[in-house]
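Residue numbers (my numbering), protein chains in the order written: chain D, 14 to 404; chain A, 67 to 232; chain S, 25 to 131. Ideal placement from N, C-alpha and C gives every residue a C-beta, glycine not left out. Keep in mind it's a predicted model, so treat the numbers as computed, not measured. To keep things clear, I will list the structure first and then write my remarks on it.
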Amino acid sequence: MIETIDQIFVLLKHWLVGFLPAGLQPVASVLVSVVAIIAVFPSLFAIAVWMERKGLGRMQNRIGPNRVGPFGLFQPIADGIKSLTKEDIVPLRADAVVHFMAPVVLVVVVFMGIAVLPMGRNMTLVHMDSGLLFFFAMGASTELSVFMAGWSSRNKYSLLGAMRGVAQMISYEVPLLMSSVAVVMMTGSLSLGKIVEAQNQYTWGLPHWYIFTPWGLAAFLMYAIAATAETNRSPFDLPEGESELVAGYFTEYSGFKFALFFLGEYVGMLSISGLGTTLFLGGWSAPFSFLGWVPSWFWFFSKVMLSICVFIWIRGTLPRLRQDQLMNFAWKFVLPFTLFDLLVAALWRFMGDGWARWVVCSVILLLAYALMGGVGMYRKHFRVRSYRYAE
Amino acid sequence: MSFVFYAIAALTVAGGLAAVLLKNTVHCALALTVAFAGLALMFLELDAQFAGFAQILVYIGAVAILVVFAILLTRNAETPKDGVYSRNWLAGLVIAAGVFAVLGWAVLQSVRVLPHETTTPTVTVLDIGNALMGRYVLPLEIVALLLTAALIGAVIVAMHEKERAK
Amino acid sequence: MMGQATPLAAYLLVAALLFSIGLAGALTRRNAILVLIGIELMLNAANLNLIAFWRYGPHPELLTGMMFAIFSIAVAAAEAAVGLGLVISIHRHAHTTDLDAMNRMRG
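Shown next, in the form of structure tokens:
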């Protein structure tokens, strides 16, 4: 019974595909999985948008959407219908082909990245030996779509937003990759399935998730920072900072193309949370061994949605960075710390089992963090700011 | 030879041609990414998964972006009015055609001695990693050194003007 | 054209075509960045050759061709970074990236 619920989607697919002749079955199996992904992630996107609007509303002491359906739950559907029926405006001097291709490239690439994520036991669309590399290859391609959108619009705000966006994504891609390399080093595989399997073990009922090791925690924090920047989320949302750039690289997009950008951004967020879940939070494995009866897909999707809640929480809490602060933060703090963490991970690997490595690695990482913070803050006196015009 | 190969080859060559022939510089860069993507697909077709993904990550994710950055920083985004081809374009074209003729002739002459379809090699990422850390460890270290040198060099080239302005 | 040809020959022909296209681009364009684009195409054609020879060669398990291609990708990235850095530096100096206009040895 437990087995059946855990594998319910896999069994459902086999049942559906079973109606077809044997020759078509492999193709049909892939098609059914693709349709499932294309159905599930946009619905999660709708839920995430609703959560974001409601949650941010609460944080900002207002109610948020509450007109369409109970608690405003149908707001995303109404938004979808609105953007479908709106006029699609292409600026006169815009480069029409590139302008059209940009959102298409973004959505295609973002959905392709999801294909390698293990969403539950036996629930990976494509088992790839180098799945992690594939994910990052697809993630790197989104930068191109940002550039295409910004350049083809022939609008200075779009172009500035695109330049900021591309520079930021390229800078934070390095720590994103480097923090994942620590996990690859521990598992000895680029296959995401194997990475989850390695974490799906328990000692005293507690899981072997990588976040529960000193190097893993440090790598996860760096991964989370880089992922926030990579998806252009606040506090790193300079490319679309509305107070300076109207809406950044998609200023000139309207109607359905704008909706595609919106979709691409949120699905990108979901997929990068999915990767973080897979790498550090044990993927589809249960948080305690006695909870093993709960289906594996439930754990994966609840971890992803929890990460989305953290994204929203951070957006409601932190103010936006300045461009130079953003770049300095990437190259002078996040990247060195990630590289250092790689060394600590190697030390952890070669110290063998026992409690000694816990103490040594934690102390080294804490010292490094304190030292780096001390150097960064040296001779900087932060006082309460006084504003000339605000007082 | 399958239909897939012809489709990918057509895509790659079309991307390459567009990258060389188009007037607008940014269009050239975007066509170049099409050619890169086609080549990555071709690597996948050749069962070189790792190299194919590395191609996408490095070329589309980094080199193409660098090229568009350079285009925008040098104000080349608009089509120049006074022609895009060099004065001695004819000589260049003749040389390129000659090179293609020689290469094509060499390939067609050696068709009979070229090895035929072999068994598909099963190469895992682990094998590649072991090879990089074993047999090819010295080249790996040298590449690391080269990349560091390129990083520092690029930073110095970019910083040069700024220092003088101070 | 290639009724009885091996797949390897087809890949080699595509690579030769790409190489020639890249060469033509590098030799005929005026813009320095487009010359670099041509050079990138040529490097990529060489990579395709390496991978094709690795796949159909006698000892694919030794990974020689694949390793060559991977190292060549890494070197090409460095080459692009330095080359474009130089182009930007020249643009700052001479306010042009037109190679036909850059015919003086003195700055």
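With 7 Å as the C-beta to C-beta threshold (strictly closer), list the residues of the region 196 to 225 of chain A near chain D in chain order.
Residues of the region 196 to 225 of chain A with a Cβ closer than 7 Å to any Cβ of chain D: none.
Could you check whether D/Gly281 and D/Ile155 sit closer than 8 Å to each other, using their CB atoms as the reference points?
A quick correction: the sequence has Thr, not Ile, at residue 155 of chain D. Contact flag set, yes.
Are S/Ile61 and A/Val133 close, meaning C-beta to C-beta below 8 Å?
yes
If you check the beta carbons only, do D/Leu146 and A/Leu206 fall under 8 Å apart?
no
For D/Phe423, which residues in chain A fall below 7 Å Cβ to Cβ?
Given that chain D is displayed from residue 14 to residue 404, the structure contains no residue 423 of chain D and the question cannot be resolved.
Report the rounded CA-to-CA distance for A/Ala172 versus S/Ala125, giving the unit in angstroms.
38 Å
To the nearest angstrom, how far is it from the Cα of D/His27 to the Cα of D/Met136?
Rounded to whole angstroms, D/His27 and D/Met136 show a C-alpha spacing of 12 Å.
For A/Leu77, would you say it is in contact with chain S, using Cβ-to-Cβ distances shorter than 8 Å as the test?
no
So, is the C-beta of D/Phe233 closer than 8 Å to a C-beta in chain A?
no
If you follow the alpha helix (DSSP H) that D/Ile183 is part of, which residue opens it and which one closes it?
Here the alpha helix (DSSP H) through D/Ile183 covers 169 to 200.
Of all the CB atoms in chain S, is at least one closer than 8 Å to the CB of A/Val165?
yes
Would you verify that the beta carbon of A/Val92 is, or is not, closer than 8 Å to some beta carbon of chain D?
yes
Rounded to whole angstroms, what is the Cα-Cα separation between D/Met141 and D/Ser204?
6 Å
Would DSSP call S/Asp122 helix, strand or coil?
strand
Hey, how far is the Cα of D/Leu352 from the Cα of D/Leu360?
13 Å
I believe A/Gly247 touches A/Gly104 by the beta-carbon criterion, under 8 Å. Please report the beta-carbon distance rounded to the nearest angstrom.
Past the edges of chain A, shown from 67 to 232, lies residue 247 of chain A, and the structure says nothing about it.
Would you mind telling me which residues of chain S sit closer than 9 Å to A/Leu98, beta carbon to beta carbon, in chain order?
Ordered by position in chain S, the residues that pass the 9 Å Cβ test against A/Leu98 are Ile61, Glu64, Leu65.
Helix, strand or coil: which one does DSSP assign to S/Asn55?
strand
Which chain A residues are close to S/Ala70, counting only those with a beta carbon under 9 Å from its beta carbon?
In chain order: nothing, as chain A lies at least about 11 Å away.
Leaving out five residues on either side along the sequence, give the residues of the same chain with a beta carbon under 8 Å from the beta carbon of S/Gln28.
Caution is warranted here: a pLDDT of 44 is assigned to S/Gln28, below 50, making its placement in the model unreliable, and the coordinate value is therefore given only provisionally. Taken in chain order, the list of residues that qualify is empty.
Closest to D/Val103 by CA distance: which of D/Met114, D/Met125, D/Gly365, D/Gly133 is it?
Here the closest residue by C-alpha is D/Met114.
Opposing strand residues paired with D/Thr216 [DSSP bridges]:
Paired residues: D/Leu219.
Best match in D/Pro116, D/Asp354, D/Pro308 for proximity to D/Leu380 [C-alpha to C-alpha]:
D/Asp354
Inter-residue Cα distance where the pair is D/Ala369 and D/Ala231
18 Å
Rounding to the nearest angstrom, what Cα-Cα distance links D/Met198 and A/Ile208 in this structure?
21 Å
Taking 8 Å as the CB-CB limit, is A/Ile126 close to chain S?
no
Any C-beta of chain A under 8 Å from that of D/Met176:
Yes, because at least one Cβ of chain A sits closer than 8 Å to the Cβ of D/Met176.
Shortest alpha-carbon distance to D/Ile18 belongs to which of D/Ala150, D/Leu292, D/Phe311?
Selected option, being the one with the closest Cα: D/Phe311.
Is it the case that the Cβ atoms of D/Thr290 and D/Ser309 are separated by a distance below 8 Å?
no
Does the pairing of the region 188 to 205 of chain A with the region 31 to 41 of chain S give three or more beta-carbon distances under 8 Å?
no
Report the neighbours of A/Val173 on chain S: residues whose CB is nearer than 8 Å to its CB, in chain order.
Ala33, Leu36, Leu37, Ala40
For A/Val70, count the other beta carbons within 10 Å of its own beta carbon; 16 or more makes it buried, fewer makes it exposed. Which is it?
Taking all protein chains shown into account, A/Val70 has fewer than 16 neighbouring C-beta atoms within 10 Å of its C-beta and is therefore exposed.
Quick one: what does DSSP say D/Tyr382 is sitting in, helix, strand or coil?
Correct three-state label for D/Tyr382: helix.
CB contact check: D/Ser154 to chain A, cutoff 8 Å:
Yes, because at least one Cβ of chain A sits closer than 8 Å to the Cβ of D/Ser154.
For D/Thr200, collect the residues of the same chain with a Cβ closer than 7 Å to its Cβ; drop the 5 residues on either side in sequence, then sort them by chain order.
Lys207, Ile208, Ala211
Comparing the C-beta of D/Leu203 with each C-beta of chain C, is any distance below 8 Å?
In summary, chain C is missing from the structure at hand, where the protein chains are D, A and S.
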